[in-house]
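Visitor: If you scroll down you'll find the structure; I have some questions about it.
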Amino acid sequence: MTVAAILSGKGHETITASDSATLGEICETLAKHKIGAVVVCDGNLAIEGIVSERDIVRVIGKQGPGALNLSVSNVMTKDVVTCAEENSVNEVMAKMTQGRFRHMPVVKDGKLTGVISIGDVVKFKIAQVELEAEQMRSYISMT
Ligand code: AMP
Numbered sequence: 103m104t105v106a107a108i109l110s111g112k113g114h115e116t117i118t119a120s121d122s123a124t125l126g127e128i129c130e131t132l133a134k135h136k137i138g139a140v141v142v143c144d145g146n147l148a149i150e151g152i153v154s155e156r157d158i159v160r161v162i163g164k165q166g167p168g169a170l171n172l173s174v175s176n177v178m179t180k181d182v183v184t185c186a187e188e189n190s191v192n193e194v195m196a197k198m199t200q201g202r203f204r205h206m207p208v209v210k211d212g213k214l215t216g217v218i219s220i221g222d223v224v225k226f227k228i229a230q231v232e233l234e235a236e237q238m239r240s241y242i243s244m245t
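Here it is in structure tokens:
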């Protein structure tokens with residue numbers, strides 16, 4: 103199963119911010135959309151970075167609440183690991199586990215086309231296991 107299967111279920115909506123946004127504005131976006139990370143993009147949806155709640159907690163923990171006035175470009179992770187719709191869900195899981203992060207932007211032709219979270223992956227895997235168990239039960243009941 104591929105990333106495309108997850109995106110066809112959850113949709114391609116992406117929540118983005120520009121690199122001039124402040125951390126305070128990023129917090130508002132995270133709260134409003136009930137998400138854990140925002141992808142920072144230019145006007146053409148090319149990825150410039152990613153900032154997650156962990157980055158914000160870390161910088162506030164070090165610098166105090168004044169850090170909310172910092173520009174996101176000072177805090178975001180710039181070396182973003184991405185995937186393509188054709189990648190398998192297992193490949194994405196492996197990359198997230200290896201990199202110890204929970205968000206994976208999906209890119210097509212250099213543009214952001216979706217975001218997969220670890221929650222999306224877990225939900226997908228549980229549905230897959232339940233389907234396989236159901237298929238096994240119905241196979242056994244037929245034999
Ligand atoms: P998360 O687990 O997604 O909250 O992120 C943990 C850390 O990894 C934060 O410093 C994020 O900026 C960073 N991060 C999140 N997603 C990615 C990604 N796809 N590629 C690289 N770094 C990431």
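Just so we're on the same page, the working numbering is the position in the sequence shown counted from 1, plus 102. Glycine is no exception: its CB is placed at the ideal position from the N, C-alpha and C atoms. Since the model is a prediction, treat every value here as computed from it, not as a measurement.
Just the Cα atoms here: how many angstroms apart are residue 180 and residue 111?
Guide: 28 Å
Visitor: Quick one: grab the DSSP three-state call for residue 115.
Guide: coil
Visitor: Do residue 150 and ligand 1 come close, with the Cβ less than 7 Å from some heavy atom?
Guide: no
Visitor: Could you check whether residue 105 and residue 194 sit closer than 8 Å to each other, using their CB atoms as the reference points?
Guide: In this structure, residue 105 lies closer than 8 Å to residue 194 by Cβ.
Visitor: Decide if residue 119 is buried, meaning its Cβ has at least 16 other Cβ atoms within 10 Å, or exposed.
Guide: buried
Visitor: Is residue 157 near ligand 1, going by C-beta to nearest heavy atom under 7 Å?
Guide: At least one heavy atom of ligand 1 sits closer than 7 Å to the Cβ of residue 157.
Visitor: With H, G and I counted as helix, E and B as strand and the rest as coil, what does DSSP make of residue 103?
Guide: coil
Visitor: Run through DSSP, which three-state label would residue 214 get?
Guide: strand
Visitor: Expressed to the nearest angstrom, what Euclidean distance is found between the alpha-carbon atoms of residue 72 and residue 212?
Guide: One cannot answer for residue 72 here, as it falls past the ends of the chain, which runs 103 to 245.
Visitor: Using only the heavy atoms of ligand 1, determine whether one of them is closer than 7 Å to the beta carbon of residue 239.
Guide: no
Visitor: Take residue 219 as the anchor and find which of 209, 203, 131 and 122 has the nearest alpha-carbon.
Guide: Nearest C-alpha to residue 219: 203.
Visitor: Give me the residue from 141, 146 and 161 with the minimum Cα distance to residue 153.
Guide: If we check each option's Cα against that of residue 153, 141 comes out closest.
Visitor: Looking only at its chain, what residues have a beta carbon closer than 6 Å to the beta carbon of residue 209, apart from the 5 residues adjacent to it on each side?
Guide: 184
Visitor: Which residues mark the beginning and the end of the alpha helix (DSSP H) in which residue 196 is found?
Guide: 191-201
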